[in-house]
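To convert, take the position in the sequence shown, counting from 1, and add 10; that gives UniProt numbering.
To start, the structure itself, in structure tokens.
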Amino acid sequence: GLANTREMFQKAVSGGYAIPAYNFNNLEQLQAIVAACVETASPVIVQVSKGARNYANETMLRYMAMGAVKMAREMGSQIPIALHLDHGDSFELCQACIESGFSSVMIDGSHLPYDDNVALTRKVVEYAHEHDVTVEGELGVLAGIEDEVQAEHSTYTKPEEVEDFVAKTGVDSLAISIGTSHGAFKFKVKPGEEPPPLRFDILYEIEKRIPGFPIVLHGSSSVVPEYVELINQYGGKMEGAVGVSEEQLRKAAASSVCKINIDSDGRLAVTAKVREYLAQNPAEFDPRKYLGAARSELVRLIKHKNKEVLGSAGQA
Ligand code: G3H
Ligand code: 13P
Ligand code: NA
Ligand code: ZN
């Protein structure tokens with residue numbers, strides 16, 4: 011069945027790699043995730059946001075994840091697959107997911123005052139641990155895509171708070187803010203300019219205070235330039251889209267960062283390939299054709315991430 015994240019994280023922290031956490035909302039995404047992770051022998055976390063639950067129906071997504079485990083086993087693979095709630099925003103939502111069979115949940119109290127974040131997270135942890143479900147908490151706020159100068163608007167995680175937060179809440183992993191953000195427009199840079207580096211000084215200070223504790227990075231898509239170019243070439247409009255470089259992610263994966271969240275890159279791959287396919291095959295109207303092209307690209311993308319960026323390939 012579905013695995014929780016405890017053992018996965020222990021191995022990843024000591025092995026110097028990160029587990030990929032891929033969001034999914036539909037069949038083709040999940041098929042691609044399973045196929046790529048089986049082929050690369052990578053442990054994986056498949057995650058469902060509140061938006062995904064509303065889009066695809068929570069029950070449907072849960073059975074799809076259980077089906078994904080079956081699919082992997084039928085392919086002869088024993089890779090661990092966790093089903094995780096991404097950005098849970100209330101105790102009730104986390105409770106519903108725990109009761110229905112998710113193996114891991116995030117309670118995102120990062121926007122709350124510190125003591126309220128502690129109290130809410132603690133409450134979710136108590137309930138989750140009774141059901142052998144692992145919990146991700148968050149300290150520090152990621153920049154929003156609407157911010158003018160994003161990096162300056164993030165509230166980075168305060169290293170002096172992490173020890174107290176982890177001790178008081180009992181969380182299994184901690185998401186931190188060191189300069190990543192959600193979406194396809196993470197940094198405002200002029201053409202040809204490099205985005206600013208992540209705040210590794212903060213990450214290493216956190217590591218010093220909670221050595222070996224599993225750290226999570228959200229907003230970690232690279233916003234693959236080839237996809238942005240394809241999208242723009244075939245009628246899209248995504249000028250200025252930019253993400254976190256693979257080099258920065260590799261460096262993070264080698265640290266106690268043991269879960270790296272990727273959603274936007276998958277969205278870009280699908281959009282790029284659907285636009286390209288339909289532009290090149292204007293008479294085609296079978297969704298299996300263009301969704302199939304998108305799915306094949308997703309498999310390539312995920313294998314690349316597992317092998318060349320996160321280092322999770324071969325670890326299951
Ligand atoms: O952190 C956000 C994830 O990329 C999920 O996005 O809420 O649009 O499903 P969503
Ligand atoms: P990206 O938007 O960078 O893919 O981040 C996804 C994420 O953090 C999901 O929780
Ligand atoms: Na790591
Ligand atoms: Zn996130």
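From the three backbone atoms N, C-alpha and C, an ideal C-beta is built for every residue, glycine too.
What would DSSP say about Ala45, mapped onto helix, strand or coil? Numbered from its first residue, the sequence shown carries residue 45 at position 35. Residue state, collapsed to three classes: helix.
Residue from Ser232, Gln41, Glu215, Ala279 whose Cα sits closest to the Cα of His168: As a first step, residue 168 is located in the sequence shown; it is residue number 158 there, counting from the start. Checking the sequence shown, residue 168 turns out to be Lys, not His. Considering only alpha carbons, the answer is Glu215.
Indicate whether Ala42 and Arg305 have their beta-carbon atoms separated by less than 8 Å. Working through the sequence shown from its first residue, we reach residue 42 at position 32. Working through the sequence shown from its first residue, we reach residue 305 at position 295. Taking 8 Å as the cut-off, the Cβ atoms of Ala42 and Arg305 count as close.
Could you tell me if the beta carbon of Asn273 falls within a distance shorter than 7 Å of some heavy atom in the ligand 13P? For this step, residue 273 is matched to residue 263 along the sequence shown. Checking the displayed sequence, the identity of residue 273 turns out to be Asp instead of Asn. For the ligand 13P, at least one heavy atom lies less than 7 Å from the Cβ of Asp273.
Using a Cβ-Cβ cut-off of 6 Å (strictly less than) and excluding sequence neighbours within five positions of Met74, which residues of its own chain qualify? Translated into the one-based positions of the sequence shown, residue 74 becomes position 64. So the list reads Leu40, once near-sequence residues are dropped.
Below 7 Å, is the gap between the Cβ of Asp174 and the nearest heavy atom of the ligand G3H? Residue numbering aside, residue 174 sits at position 164 when the sequence shown is read from its first letter. Outside the cutoff, so no.
Where the alpha helix (DSSP H) through Lys200 begins and ends: One-based indexing of the sequence shown puts residue 200 at position 190. For Lys200, no alpha helix (DSSP H) segment is defined, and its DSSP state is neither H nor E.
Any alpha helix (DSSP H) of 4 or more consecutive residues that is wholly inside the stretch 63-135: 68-84, 101-110
So, with DSSP's three-state summary, where would you put Glu294? As a working mapping, residue 294 is identified with position 284 in the sequence shown. Coil, per DSSP.
Have a look at His314, Leu311, Val254, Leu184 and flag the residue whose alpha-carbon is nearest the alpha-carbon of Pro221. Here residue 221 is taken as the residue at index 211 of the sequence shown, counted from 1. The candidate whose alpha carbon is nearest that of Pro221 is Leu184.
Considering residue 2, what are the terminal residues of the beta strand (DSSP E) in which it resides? The question about residue 2 has no answer here: the residues shown for the chain are numbered 11 through 326.
Under the criterion of a Cβ to heavy atom distance below 7 Å, does His314 qualify as lining the ligand ZN? Here residue 314 corresponds to residue number 304 of the sequence shown, with the count starting at 1. No, since every heavy atom of the ligand ZN falls outside the 7 Å radius drawn around the Cβ of His314.
DSSP three-state assignment for Val309, whether helix, strand or coil: As a first step, residue 309 must be located in the sequence shown, where it is residue number 299. Three-state DSSP puts Val309 in a helix.
Using three-state DSSP, classify Gly147 as helix, strand or coil. Reading the sequence shown from its first residue, position 137 is the one you call residue 147. In this structure, Gly147 counts as strand in the three-state DSSP scheme.
Which class does Asn271 belong to by DSSP, given the choice of helix, strand or coil? Stepping through the sequence shown from its first residue, residue 271 is reached at position 261. Asn271 falls in the strand class under three-state DSSP.
Could you check what DSSP says for Leu40 in three-state terms: helix, strand or coil? Translated into the one-based positions of the sequence shown, residue 40 becomes position 30. Leu40 falls in the helix class under three-state DSSP.
Any idea which residues DSSP pairs Ile29 with across the strands? For the purposes of this step, residue 29 is taken as the residue at position 19 of the sequence shown. BP columns for Ile29 point to Lys269.
Contact the stretch 228-246 vs the stretch 63-74: 3+ CB pairs below 8 Å: no
The ligand ZN heavy atoms versus the CB of Gly229: any closer than 7 Å? Start at 1 with the first residue of the sequence shown, and residue 229 comes out as number 219. Because some heavy atom of the ligand ZN lies under 7 Å away, the Cβ of Gly229 counts as near it: yes.
Host alpha helix (DSSP H) of Val58 (start-end): As a first step, residue 58 must be located in the sequence shown, where it is residue number 48. Segment 54-58 is the beta strand (DSSP E) holding Val58; no alpha helix (DSSP H) there.
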